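When we follow my numbering, the leftmost residue of the sequence shown carries the number 1, and every step to the right adds one. First comes the structure, then the notes that go with it.
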Amino acid sequence: MKLLKFFGKPFFAFSMLSGALFAENYELNFIDASKAWNNESIWTPSGVPGASDNVTISANLSTEVEITVSDFTEVGNITIDGLYIGARFYIGTSPSGSTIHGNLVIGDTYMVDGGIWRAAALRGKDHNLTIEGSIIFDATGASRNIDGTDRISRPAFNLGGDWGSTVSGSIEVGKNAAVDSKTGLKTAILLDTSKSGVFQNLTIGAATNTEKGVVIHNVAQLNYEAGQVDTRFTIAKIGGSYICDQNISIGGINGYGTLATNMVNKDANGDPVSPKANLTFTNAAGVHTTFSGRVIRENDSYGDTIHITMDGQGKQTFKVQEVGSSSTVLQSVSVKNGVLEFSSPFNSGALSVEGGVFSAIDGGASFASATWSGGTFAFAAEPFLGGIADKISVDGKFVKAADGKIAIDFSGLDAESVLGATYDLISASVFEDASGMSLSDSDADEYFYALNLINAFADFSWNGNTLQVTFSQVPEPAAFAAVIGAAALALAVRRRK
1 MKLLKFFGKP FFAFSMLSGA LFAENYELNF IDASKAWNNE SIWTPSGVPG ASDNVTISAN
61 LSTEVEITVS DFTEVGNITI DGLYIGARFY IGTSPSGSTI HGNLVIGDTY MVDGGIWRAA
121 ALRGKDHNLT IEGSIIFDAT GASRNIDGTD RISRPAFNLG GDWGSTVSGS IEVGKNAAVD
181 SKTGLKTAIL LDTSKSGVFQ NLTIGAATNT EKGVVIHNVA QLNYEAGQVD TRFTIAKIGG
241 SYICDQNISI GGINGYGTLA TNMVNKDANG DPVSPKANLT FTNAAGVHTT FSGRVIREND
301 SYGDTIHITM DGQGKQTFKV QEVGSSSTVL QSVSVKNGVL EFSSPFNSGA LSVEGGVFSA
361 IDGGASFASA TWSGGTFAFA AEPFLGGIAD KISVDGKFVK AADGKIAIDF SGLDAESVLG
421 ATYDLISASV FEDASGMSLS DSDADEYFYA LNLINAFADF SWNGNTLQVT FSQVPEPAAF
481 AAVIGAAALA LAVRRRK
């Protein structure tokens, strides 16, 4: 069976499926109408796949009728490969919830009508869906012949449905994901075109349970290298009418590809709404992932937006290279815990730093507004040695919304060779505190202090509406002692008075 062969490949260090030695391997027979999962006649061997069994779906479903294998409850692993569909093929989830205890493997899917986009799916209205292992795209991209015509492989899969009547209650993926031997990271999703050479797309349909939403416990790995055929991870999709904003948490996105959203902007009454995909990175301690690629709306007329929050213990590097036809798809960037390194040539809406570390990289980043209520701003050391800093540019206000000084982390910069140099760090239309009082009317050193700076002092100052830093020489020990002594004497005199 292809699934068993896949486990022998180097991607996974081990199989997560307990009881695999006692598993039965089932294949789906040809069916020309929707049938129930527990219908023994649709399986070879005859029977019903259970919690420890493996299922392979490689059927010729060339009819133009939509086909559903309904009321799936639990199974070990599912592999979809060599599947021919003329309309759509769905695995329908169960009202009591559905679980894949192992992995979902997506191989090649072939279209009987090559001009129409189709995708297999797992879906069910308000049903909870759990994949304990990983979602792995393992397509070859080879053309196959059916009825004398070559068919093109289009590896795509919709998880949780993509229409109002098919949206899952909640979706959970990757709790028991194994380690990717290429990255050393526990990987819940793998999209990689190095073998297939054709476009791959995983769509998370949506979840109606807003409290639980979509939870991806570990890393989503896109292409390992830049320049390959695109991989697209659509984090939220709703057709028909808007249901609710989507809350998606993920243990990091790594690699090269496209991050997308596709939520319709009208409710059931036809009234306009502004759908939001709230994407929260929950990278575990020690997990550093780097995403580089496009951030897009799949349908720009919908006006749906993506809002990024870093709230893990690890680090997420996020490099926006393109935004498709609209530069407004990314509307906010927030940091609560962990480290977020961020770069984009486009304005990324509202920046909020509540905790953790925010670092603009690769030339800096621009925002419509910024608010600080805790946490640190970090600047990479190397650009200073080249005469610039990765500046944060704010079109509107920068608001200091909490007491205390703001930490500026210079990332271990040895500034001895750039003493006397001045750098722009943050610009805004105005700097003010929560009461609206201007900060730039006072000494900038009252509001900012330096971390991880070597062989220099950081002197913060205002240049109009720009925060600057000048690196000054650290006093010799004798001079430094004299300064301390003078300060102590002044304090003693003041106390006597």
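Built from N, CA and C at the ideal position, the CB exists for glycine as well. Everything numeric in this text was worked out from a predicted model, so none of it was measured.
Inset, instruction - Kindly confirm or deny that the segment 215 to 229 and the segment 240 to 257 touch, where touching means at least three C-beta pairs closer than 8 Å. - result: yes
Legend entry - DSSP bridge partner residues for A121 (one or two, in chain order): Here residue 121 refers to the residue found at position 121 when the sequence shown is read from its first residue. DSSP, once it has assigned bridges, lists Y90 and N158 as partnering A121.
Inset, instruction - Out of N176, G160 and E132, state which residue places its alpha-carbon closest to the alpha-carbon of G169. - result: The count along the sequence shown starts at 1 and reaches residue 169 at position 169. Closest by alpha carbon: G160.
Legend entry - Rounded C-alpha distance that separates A407 from N201: For the purposes of this step, residue 407 is taken as residue 407 along the sequence shown, with counting starting at 1. For the purposes of this step, residue 201 is taken as residue 201 along the sequence shown, with counting starting at 1. Near 41 Å, if we compare the C-alpha coordinates of N201 and A407.
Legend entry - Beta-carbon gap between K276 and D311 smaller than 8 Å: Working through the sequence shown from its first residue, we reach residue 276 at position 276. Working through the sequence shown from its first residue, we reach residue 311 at position 311. Cβ atoms of K276 and D311: not closer than 8 Å.
Legend entry - Boundaries (first-last residue) of the beta strand (DSSP E) holding E322: By one-based count along the sequence shown, residue 322 stands at place 322. It spans T305 to E322 - the beta strand (DSSP E) in which E322 sits, taken as one unbroken run.
Legend entry - Of the residues D443, D459, A350 and G387, the one placed nearest A428, counting alpha carbons only: On the sequence shown, residue 428 is found 428 positions in, with the first residue counted as 1. Measuring from the Cα of A428, the nearest candidate turns out to be A350.
Inset, instruction - Note down, in chain order, each residue of its chain lying with its Cβ closer than 6 Å to the Cβ of S352, except the 5 sequence neighbours on either side. - result: As a working mapping, residue 352 is identified with position 352 in the sequence shown. Result list for S352: S334 and T371, in chain order.
Inset, instruction - Return helix, strand or coil for E382, following the three-state DSSP convention. - result: The count along the sequence shown starts at 1 and reaches residue 382 at position 382. Reduced to three states, the DSSP call for E382 is helix.
Inset, instruction - Can you give me the Cβ contacts of H438 inside the same chain, cut-off strictly under 7 Å, excluding the 5 residues immediately before and after it? - result: Stepping through the sequence shown from its first residue, residue 438 is reached at position 438. Per the sequence shown, the amino acid found at residue 438 is Ser instead of His. Correct list, in chain order: V430, F431 and E432.
Legend entry - Coil, strand or helix - S168 by DSSP: For the purposes of this step, residue 168 is identified with residue 168 of the sequence shown, where counting begins at 1. Strand, per DSSP.
Legend entry - Which of helix, strand or coil DSSP assigns to S301: Here residue 301 corresponds to residue number 301 of the sequence shown, with the count starting at 1. S301 falls in the helix class under three-state DSSP.
Inset, instruction - Output yes if chain C places a C-beta closer than 8 Å to the C-beta of N54; else output no. - result: Of the protein chains in the structure, only one exists, and it is not chain C.
Inset, instruction - Taking the CB atoms as reference points, tell me whether T109 and S196 lie closer together than 8 Å. - result: As a working note, residue 109 is residue 109 in the sequence shown. As a working note, residue 196 is residue 196 in the sequence shown. Their beta carbons are not under 8 Å apart, which means T109 does not touch S196 by this criterion.
Legend entry - Extent of the continuous beta strand (DSSP E) run through G503: Missing from the structure shown is residue 503; the chain here goes from 1 to 497 and no further.
Legend entry - Identity of the residues DSSP links to D81 by a beta bridge: For the purposes of this step, residue 81 is identified with residue 81 of the sequence shown, where counting begins at 1. BP columns for D81 are empty, so no partner.
Inset, instruction - Could you have a look at I42 and say whether DSSP puts it in helix, strand or coil? - result: Indexing the sequence shown from 1 puts residue 42 at position 42. Correct three-state label for I42: helix.
Legend entry - Pick from G227, V229, S343 and G270 that is closest to I243, judged by C-alpha positions: For the purposes of this step, residue 243 is identified with residue 243 of the sequence shown, where counting begins at 1. The shortest C-alpha separation from I243 is found at G270.
Legend entry - Helix, strand or coil at E211 according to DSSP, with G and I counted as helix: Along the sequence shown, one-based indexing puts residue 211 at 211. Here E211 sits in coil by DSSP.
Legend entry - Proximal residues to S461 (C-beta, below 6 Å), its chain only, five neighbours per side dropped: Locating residue 461 in the sequence shown gives position 461, counting from the first residue. Counting only Cβ-Cβ distances below 6 Å, and skipping sequence neighbours, we find A444 and Q468.
Inset, instruction - Taking 8 Å as the threshold, find out whether the segment 280 to 298 comes into contact with the segment 312 to 326 through three or more Cβ pairs. - result: yes
Legend entry - Pair within 8 Å by beta-carbon distance, V264 and G239: Position 264 of the sequence shown, counted from the first residue, corresponds to residue 264. Position 239 of the sequence shown, counted from the first residue, corresponds to residue 239. Yes, they are a contact pair.
Inset, instruction - Under 6 Å Cβ to Cβ from K400, same chain only, skipping five residues before and after it: list those, please. - result: Here residue 400 refers to the residue found at position 400 when the sequence shown is read from its first residue. Contacts found: W372 and D433.
Inset, instruction - Indicate whether Q221 and T187 have their beta-carbon atoms separated by less than 8 Å. - result: Along the sequence shown, read from residue 1 onward, the residue named residue 221 stands at position 221. Along the sequence shown, read from residue 1 onward, the residue named residue 187 stands at position 187. A contact, by the Cβ cut-off of 8 Å.
Legend entry - C-alpha distance - L22 paired with G76, whole-angstrom precision: For this step, residue 22 is matched to residue 22 along the sequence shown. For this step, residue 76 is matched to residue 76 along the sequence shown. With the sequence shown as reference, residue 22 is identified as Phe, and Leu is not the correct amino acid for it. C-alpha separation (whole angstroms): 11 Å.
Inset, instruction - Quick one: give me the first and last residue of the beta strand (DSSP E) that V198 is part of. - result: Taking the sequence shown and counting its residues from 1, the one referred to as residue 198 is at position 198. No beta strand (DSSP E) holds V198; DSSP gives it neither H nor E.
Inset, instruction - Inspect the beta-carbon positions of A380 and S348 and report whether they are closer than 8 Å. - result: Residue mapping note: residue 380 aligns to position 380 of the sequence shown, counting from 1. Residue mapping note: residue 348 aligns to position 348 of the sequence shown, counting from 1. No, Cβ-Cβ distance for A380 and S348 is not below 8 Å.
Inset, instruction - Please go through the same chain and pick out, in chain order, the residues whose beta-carbon is closer than 6 Å to the beta-carbon of I388, but skip the five residues on each side of it. - result: Here residue 388 corresponds to residue number 388 of the sequence shown, with the count starting at 1. Nothing meets the Cβ criterion.
Legend entry - Element boundaries [beta strand (DSSP E), containing T68]: On the sequence shown, residue 68 is found 68 positions in, with the first residue counted as 1. Where T68 is concerned, the enclosing beta strand (DSSP E) stretches over I67 to F72.
Inset, instruction - Measure how close the beta-carbons of S326 and D300 come, nearest whole angstrom, since I'm counting them as under 8 Å. - result: Looking up residue 326 in the sequence shown gives position 326. Looking up residue 300 in the sequence shown gives position 300. Confirmed, about 5 Å.
Inset, instruction - Specify, as a first and last residue, the run of the beta strand (DSSP E) that E341 falls within. - result: Here the question's residue 341 lines up with position 341 in the sequence shown. It spans L330 to S343 - the beta strand (DSSP E) in which E341 sits, taken as one unbroken run.
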